[in-house]
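Residue numbers (my numbering), protein chains in the order written: chain A, 286 to 569; chain B, 134 to 446. Here a beta-carbon is modelled for each residue, glycine too, at the ideal position from N, C-alpha and C.
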Amino acid sequence: MRRNRFLVLLVVPALLWSLTPIYWFCRMAFLTPLEIRRFPWPLIPHEANLAAFYNIFGFDYALPNGTSPASGQAEQIIRGLINSVAVSIVVTMITLVIVLPLAYMFARTSFRLKNSLLFAILLGTALPPISTLIPFYAMYLRLGLVGTLTGLVIVNLTVTVPLVTWMLIGYFRNLPPIERLARIDGYGHLAAFVGLVLPQARSGVAVAAVITFLFAWNEYTYALMLVNGSTANTLPTAISGFLFMYPEPSNLAASVIITIVPPALVAYFLQRHVGDMSLVDAVR
Amino acid sequence: MASERFSPFRPAGRVRTFRRSGRDMSDTQFALAVAVPVLIFLILVVIYPLGYAVWMSFQRIVLFGGYHTVFIGLKNFADALDDGEFWWSAWVTVRFTTETVALTMLIGLGLALLLNRPMRGGGLVRTLVFLPWCLPLFAAGLMFAHVARGQTGLGTSIAYALGIPVSVDLMTSALVIEVLAVGAAWTMAPLVAFFLLANLETIPKRLYDLAALDQLSGLETFKFVTLPPLRYTLFVFTSIVTVLTMKLFDFIFVMTGGGPGQSTATLTYLLYKVSFRNLNLGYGAALSLYLLFLIIGATLLLYLAWGRRESRR
């Protein structure tokens, strides 16, 4: 019992740290225009005013003292939501297929040039987007990829593949090397990997999937340059349309809430796999 | 050594002689088969923009009055070294990165250790702690600006609620870089925490039972049981967070816009200003190459000072 209370003392600050800025911002979505004009804003909204959520999807909302008009961004937001989901899922799939064997290989085998090769891969992510935007745009114009989802997937892969490879190496190094036994028993590399390593590595795969999904979901700088305003618009670029319309902070906050929900769901369903490591104990 | 070549597809178990070297052969081949396509893809997609940036950095690019470029050699690079703004931005970047990386790793490790404990509602707690990483970076920047600014800030509202009518503005303080670093650590710590968590769970529970039998203290258990398998991952994430922080732009752009004054103008911000506002593309490209050198230098230093030791382990 005492241990439990002790744990609560640690969990509460962790939750406060993580959630306070989010709460503070998202609270705006529920404030009425009247409350926003006052200073300072209330700590807690007095009523759950849902007008902003209707507005960002293109509906008018009747308030007791007038209507809150539909936002002109609705089309962008809805399309952005669909595109973001599609791009993130595709990027996650491709990244995992490429990265899992790659990271495993780097963790397990040793050969000359391994460290140089690793470094070369990391370099792919070292380029800051802000400095490659113009060259990227020039290249994409030539390839006809500007304003396409394919182009966006490729850009995302250049970020996720190197980063997630690096992240997973340390994880694979910690797994017990039972695939060595499998190899002695005559399994091929691929069979040993798919049949033995992956089932053991569920928590690593789950975390890698969440991280990749979020890198793709949150990618903003390239999307702004390459697909903004086209039909391949993503959610972050659609939302940033509200950025400089400061009289309407509620719409911005409401659309940020919409952005958090899908990745939070993905995180919730995948984090369940983190923690089920009975197999590792059995083997060691 | 090997007198015959072994196919990677032949089961290793059937190979009686030279099994050891035969395995090594096919290991290397497996490694190449996995790594080479990825490298080719990365090279194709990365080398063109990089080459283009290098080319631009040697030119003076004139956009108005007829687009044309003039080859000026290393002048852009030399100009940067004489530019006080460049040195200031480099210093801001180093300070901001050091603070952010230290904070992110500490908070990430702390969160991972906490989330590793079995508790009721653990799944929900994990998801909630993970939320800051679920935001686009510019949205995270907006949030932090919102919390820290005097007009809308948390401090102001709390002060008023307590009956003290002062406006608490963290954004104009001398510590604005630190506020920015806290914000960046806030967004990135969950990323670190989750990978460390996955790593923590590869530690057999048996080891903790043994540690309890040996009556190790909590700190000793952490040092001898928990920490060793995390060390390599800690190194990798220190490198990754360093790279991510040095590249960070949208968060800074939205949160402080480089200000007040030039106080949070990192190299990425200066780059944006030079390339997209002053439209001095050649100079901007030269700056971006300096930034790239800084990133490579920092990761290389980390590797030499720390990673080399860990990867030999």
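Item to complete: Mind checking which residues open and close the alpha helix (DSSP H) that includes B/Val203?
Response: Per DSSP, B/Val203 belongs to no alpha helix (DSSP H); it is in the beta strand (DSSP E), His201 to Phe204.
Discussion item. Please state whether the Cβ-Cβ distance between A/Ile463 and A/Phe391 is less than 7 Å.
Written reply: no
Item to complete: Measure the Cβ-Cβ separation of A/Thr522 and A/Leu537 and say whether it is below 7 Å.
Response: no
Practice prompt. Taking A/Pro414 as the reference, give the member of B/Thr233, B/Val179 and B/Pro323 with the closest Cα.
Written response: B/Val179
Worksheet item: Residues of chain B with a CB under 7 Å from the CB of A/Gly343: which are they?
Response: Going along chain B, no residue has its Cβ under 7 Å from A/Gly343, so there is no contact; the nearest lies around 21 Å.
Worksheet item: DSSP on B/Val195, reduced to helix/strand/coil?
Response: Three-state result, B/Val195: strand.
Item to complete: Would you list, in sequence order, the uninterrupted alpha helix (DSSP H) runs of no fewer than 4 residues that lie entirely inside the segment 274-322 of chain B?
Response: 287-294
Worksheet item: Listed from N- to C-terminal order along the chain, which residues in the segment 451-463 of chain A have their beta-carbon within a distance smaller than 8 Å of any beta-carbon of chain B?
Response: When CB distances to chain B are screened at a threshold of 8 Å, the residues of the segment 451-463 of chain A falling below it are Trp451, Met452, Ile454, Gly455, Tyr456, Arg458, Asn459 and Leu460, in chain order.
Fill in: the segment 319-332 of chain B: positions lying closer than 7 Å to chain A by Cβ
Answer in chain order: Trp319, Leu324, Phe327, Phe328, Leu330, Ala331 and Asn332.
Discussion item. When you compare the CB positions of A/Thr497 and A/Thr377, do they come within less than 7 Å of one another, or not?
Written reply: yes
Worksheet item: In terms of residue numbering, what span does the alpha helix (DSSP H) encompassing A/Ala347 cover?
Response: Unbroken run through A/Ala347 is the beta strand (DSSP E), Tyr346 to Leu348; no alpha helix (DSSP H).
Fill in: DSSP state of B/Met158 mapped onto helix, strand, coil
Legend: pLDDT at B/Met158 = 49, less than 50; position of this residue unreliable, value from coordinates given subsequently. Helix.
Discussion item. Could you compute how far the alpha carbon of B/Ile205 sits from the alpha carbon of B/Gly415?
Written reply: In this structure, the alpha-carbon of B/Ile205 lies about 10 Å from that of B/Gly415.
Discussion item. If you measure between the beta carbons of A/Trp309 and B/Val280, is that distance less than 7 Å?
Written reply: In this structure, B/Val280 lies closer than 7 Å to A/Trp309 by Cβ.
Worksheet entry | Contact set between B/Ala186 and chain A, taken where Cβ atoms lie within less than 9 Å | Leu412, Ser416, Thr417, Ile419 and Pro420
Item to complete: Scan the segment 367-395 of chain A for residues whose Cβ lies nearer than 7 Å to a Cβ of chain B and list them as they occur along the chain.
Response: Ile383, Pro386, Leu387, Met390 and Thr394
Fill in: Nearest neighbour of A/Pro318, chosen from A/Ala552, A/Tyr553, A/Pro534 and A/Pro547 [CA to CA]
A/Pro534
Item to complete: Following the continuous alpha helix (DSSP H) through A/Ala477, name the residue where it begins and the one where it ends.
Response: It spans His474 to Ala477 - the alpha helix (DSSP H) in which A/Ala477 sits, taken as one unbroken run.
Discussion item. For a quick check, are the C-beta atoms of A/Trp440 and A/Tyr505 less than 7 Å apart?
Written reply: The sequence given here places Val at residue 440 of chain A; Trp does not occur at that position. Result no, Cβ atoms of A/Val440 and A/Tyr505 do not sit closer than 7 Å.
Worksheet item: Is it a yes or a no for the segment 232-244 of chain B touching the segment 318-338 of chain B, going by three-plus beta-carbon pairs under 8 Å?
Response: yes
Discussion item. Counting C-beta neighbours from all protein chains within 10 Å, is the total for B/Arg441 16 or more, i.e. buried, or is it exposed?
Written reply: exposed
Worksheet item: Can a CB atom of chain A be found closer than 7 Å to the CB of B/Lys380?
Response: yes
Discussion item. Just to confirm, is the Cβ distance from A/Val372 to A/Leu434 under 7 Å?
Written reply: It is a contact, given that the beta carbons lie within the stated cut-off.
Worksheet item: Rounded to a whole number of angstroms, what is the C-alpha to C-alpha distance between A/Ala491 and B/Leu214?
Response: 46 Å
Practice prompt. Would you check whether the ligand GTP has a heavy atom nearer than 6 Å to the C-beta of A/Ile469?
Written response: This structure lacks the ligand GTP; in fact it carries no ligand of any kind.
Worksheet item: Taking Cβ-Cβ distances shorter than 9 Å, what residues in chain B pair up with A/Gly480?
Response: Residues of chain B passing the Cβ test: none, with the nearest at roughly 14 Å.
Discussion item. What are the residues in the segment 163-185 of chain B lying within 7 Å of chain A by C-beta distance?
Written reply: Phe163, Ala164, Val167, Ala168, Val171, Leu172, Leu175, Val178, Val179, Tyr181, Pro182, Leu183 and Tyr185
Item to complete: Note down, one range per segment and in chain order, each alpha helix (DSSP H) of at least 4 residues found wholly within the segment 399-435 of chain B.
Response: 400-405 and 414-435
Worksheet item: Between B/Phe210 and B/Ala419, which are expected to be in contact by the criterion C-beta below 8 Å, what is the C-beta distance as a whole number of angstroms?
Response: 5 Å
Item to complete: Mark A/His474 as exposed unless 16 or more other C-beta atoms lie within 10 angstroms of its C-beta, in which case mark it buried.
Response: So A/His474 counts as buried.
Item to complete: Report yes or no: do the segment 224-232 of chain B and the segment 299-316 of chain B share at least 3 C-beta pairs separated by less than 8 Å?
Response: yes
Practice prompt. Report the three-state DSSP secondary structure of B/Asp383 (helix, strand or coil).
Written response: The answer is helix: DSSP assigns B/Asp383 an H, G or I state.
Fill in: Buried or exposed by the 16-neighbour rule on C-beta atoms within 10 Å, applied to A/Glu360
exposed
Item to complete: Could you name the residues of the same chain whose beta carbon sits closer than 7 Å to that of A/Val296, not counting the 5 residues immediately before and after it, in chain order?
Response: none
Discussion item. Give me, in chain order, the residues of the same chain whose beta-carbon lies closer than 7 Å to that of B/Pro362; leave out the 5 immediate sequence neighbours on both sides.
Written reply: Asn332, Thr335 and Ile336
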